Every structure is written in C-alpha cells, then in structure tokens.
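Colleague: Okay, so the sequence shown: first residue is 20 according to our numbering, each after it adds one. By construction, the Cβ of each residue, glycine as well, lies at the ideal position given by its N, Cα and C atoms. The structure presented is a predicted model; accordingly, all values stated were derived computationally and were not measured.
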Amino acid sequence: GKQIATGGKDGTVRLWNAATGEQLWVCPLPHVKTIRCLAFSRDGASIAVGGHAEGVGLLATATGKLRLLPTELSEGRNPYVWELAFGASGKTLYGSVSEGIIEWDVESGRFRVLHDAEGRSINGYAFSPDGRFFMAGQKGGGLLYDHKGKWIRSLHTPQAPRPQDEPNYCFSPDGTRVFAVLADHVRIWRTFDGIVSGAAHNPGEKLSHSRVAISPDNRMMAACCDDGWTRIWEVDSGLERRRLHTPGDQG
20 GKQIATGGKD
30 GTVRLWNAAT
40 GEQLWVCPLP
50 HVKTIRCLAF
60 SRDGASIAVG
70 GHAEGVGLLA
80 TATGKLRLLP
90 TELSEGRNPY
100 VWELAFGASG
110 KTLYGSVSEG
120 IIEWDVESGR
130 FRVLHDAEGR
140 SINGYAFSPD
150 GRFFMAGQKG
160 GGLLYDHKGK
170 WIRSLHTPQA
180 PRPQDEPNYC
190 FSPDGTRVFA
200 VLADHVRIWR
210 TFDGIVSGAA
220 HNPGEKLSHS
230 RVAISPDNRM
240 MAACCDDGWT
250 RIWEVDSGLE
260 RRRLHTPGDQ
270 G
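1) In the DSSP assignment, find the unbroken beta strand (DSSP E) run with A218 in it and report its ends.
2) Bridge partners of S115, per DSSP?
3) Contact check, V197 vs N187 under 8 Å by CB: the rounded distance?
4) Would you kindly work out how many angstroms separate the C-alpha atoms of T53 and G30, rounded to a whole number?
5) Should M154 and G161 be called a contact, given that it needs their Cβ atoms to be closer than 7 Å?
6) Closer than 6 Å by C-beta to G83: which residues in its own chain qualify, once you throw out the five before and the five after it? Chain order, please.
7) To the nearest whole angstrom, what separates the beta carbons of M240 and V205, a pair I think is in contact under 8 Å?
8) Report yes if the C-beta distance between G114 and R61 is below 7 Å; otherwise report no.
9) Tell me the rounded alpha-carbon separation between D255 and R262.
10) Would DSSP call T31 helix, strand or coil?
11) Reducing DSSP to helix, strand and coil, say where F211 ends up.
12) For A219, which option in R33, I251, F190, D236 has the closest C-alpha, if you only look at C-alpha atoms?
13) Opposite N187 in the DSSP bridges: which residues?
14) To the nearest whole angstrom, what separates the beta carbons of W101 and T111, a pair I think is in contact under 8 Å?
15) Determine the DSSP secondary structure at P47, reduced to helix, strand or coil.
16) Here's the rule: buried if 16 or more other CB atoms are within 10 angstroms of the residue's CB, otherwise exposed. What is A107?
17) Using DSSP with H/G/I as helix, E/B as strand and the rest coil, what is C243?
18) Over what stretch of residues does the beta strand (DSSP E) that includes T25 continue unbroken?
19) How about L88 and G128: are their beta carbons less than 7 Å apart?
20) Between the Cα of G156 and the Cα atoms of I214, S173, D193, which residue gives the shortest distance?
21) Measuring only the C-alpha atoms, how far is H264 from H50?
22) For A67 and G76, I'd like the C-alpha separation in whole angstroms.
23) How many whole angstroms separate the CB atoms of G74 and T90, which I take to be in contact at a CB cut-off of 8 Å?
24) Exposed or buried, which one is I171 when buried takes at least 16 other CB atoms within 10 Å?
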C-alpha cells in the first residue's frame, strides 16, 4: 500500500507516494484515448492499463516503461477494456470487455476469450486476486461466479438512475471481501456468504463514476472521483484519512 496509480480522460498515468501524496512520475500513453482501469501485479513491479485504447498497456512501476498487449478480437477492432486483474501467479492477466473476459499470457502476449457474456448487458467485471471468483456487474447489483463461470450468488445494490452510474466492483487482495462504489458510499460484502460487512461514506458528497482499489494489506481503500479528488479510507473503520488532488483521473 505504499504507492497509488491513477489515470483518466487525458490518457496519462501518474504514480503517487500513498503516505506523503508526492507524485513520483507521470507517463502519457499515446495509444490510449481514455483510461478506464489500472491494476498492480502482485509483486508490484508492473501496472496494467486499460480503457479506450489500441491494446492493454503494461508499465514498469520503477521506470514507467511501456509494453503493449494486444486486444484485437477482429480485424481493426479493439474492444473497450473495463477492468483488469493479474492472476495469483502473476503470469496471467484478466480483462473484461463487452464480449466477456479476456485472458492474456503476460510473457508472450497471447490471449483468449475466457468467458462469453452471451449478449447480456454487463457494465463491468471484477476479479479476485487468487483467481477463484469474478463479479459481473448488472443493473441493480452484481453476480458472483467461480473461476469456471458457475453462478454463486447475487449482491444487490440500489438501482442507479442511469446505466453509467451503476456501481464499480473490486475484491480485496485476499479475496474475502467485495467492494462497490455507490452514489454516496462504498459498500462492502463478505465473499463467502454475501453479508454486508462495512461501508465508508462522506455525508453530502457524491461518488458517482468512482473507481475503488484496496491496498495489499487490506487496510486502506481509495476511490478516484469525478470532482478531481482521490479519497483514501480505512477499510475497517470507514474513516477518511487522506485526499489526493488528481484532476482528470478516474481510477
């Protein structure tokens, strides 16, 4: 939890010191129109970057050096990447697109379609770090599946007024909890039974279009919001501990 990566509408990734708020480096990505999602590898050495782009970017955390993974499902068409997550071994990367889930071999760059959405309206996926579960976001809640695509349970949320305001989901690094950003708070469920186990909120503030990420030690969570501020809370208490000014960023 020592570093935070942010990126957004300007196609630029920024790396921050989580404790001091110091900006460590800035990396514009010429192949990216809009950044939708970011994911650290389990060893922290790489950052995967997805969104409206000609491929998924892999950035070296230490230097910002860029490498591209292909996303072209058909000739001339690169799908919009909604979510990214590294597998437990670090050798695979998973990404969600409107067609389903793509799995990459990180070393070779080869990919395959792992899960087909079969025409259903999915507003995003989230993956547990151990590769055992994934969430598919739908209107009014999320669907929890195991790694083979078998449905386990539904996690219900208040219906959003617009499809683009449906919540974004993520798993804790240990896979035991699921987080969702709603209109004015972050809701937390236990993965094994679906019980709501906590929440964080700032009264009077809207968190629409926010992205949420959890620190590797499961103690802190960060949400990057449309108002240009990234908020950092304690997971267990729900108390806000810091804000970073990140204009133009979304995650």
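Modeller: This is what the structure holds:
1) Start and end: 215-220.
2) The partner list for S115 (beta bridge, DSSP) reads E102, I120.
3) Under the criterion of beta carbons closer than 8 Å, V197 and N187 do not qualify as touching, at roughly 11 Å.
4) Distance between the alpha carbons of T53 and G30: 5 Å.
5) For M154 and G161, yes; Cβs fall inside 7 Å.
6) The residues are W44, C46.
7) M240 to V205, Cβ: 7 Å. Contact.
8) Not in contact: G114 and R61 (Cβ atoms no closer than 7 Å).
9) Spanning the two alpha carbons is a distance of roughly 18 Å.
10) Strand.
11) Here F211 sits in coil by DSSP.
12) Restricting attention to R33, I251, F190, D236, the CA atom closest to the CA of A219 is found in I251.
13) In DSSP, N187 forms a bridge with V200.
14) Contact flag wrong, Cβ pair sits at about 18 Å.
15) Residue state, collapsed to three classes: strand.
16) Counting the other Cβ atoms within 10 Å of the Cβ of A107 gives fewer than 16, which makes it exposed.
17) Under the three-state reduction of DSSP output, C243 falls in the strand class.
18) In the DSSP assignment, T25 falls within the unbroken beta strand (DSSP E) covering 22-26.
19) It is a contact, given that the beta carbons lie within the stated cut-off.
20) Measuring from the Cα of G156, the nearest candidate turns out to be S173.
21) Distance from the CA atom of H264 to the CA atom of H50, rounded to whole angstroms, is 25 Å.
22) Between A67 and G76, the C-alpha separation is close to 6 Å.
23) The beta-carbon separation of G74 and T90, rounded to 5 Å, stays under the 8 Å limit for a contact.
24) I171 is classed as exposed because its beta carbon has fewer than 16 other beta carbons within 10 Å across all chains shown.
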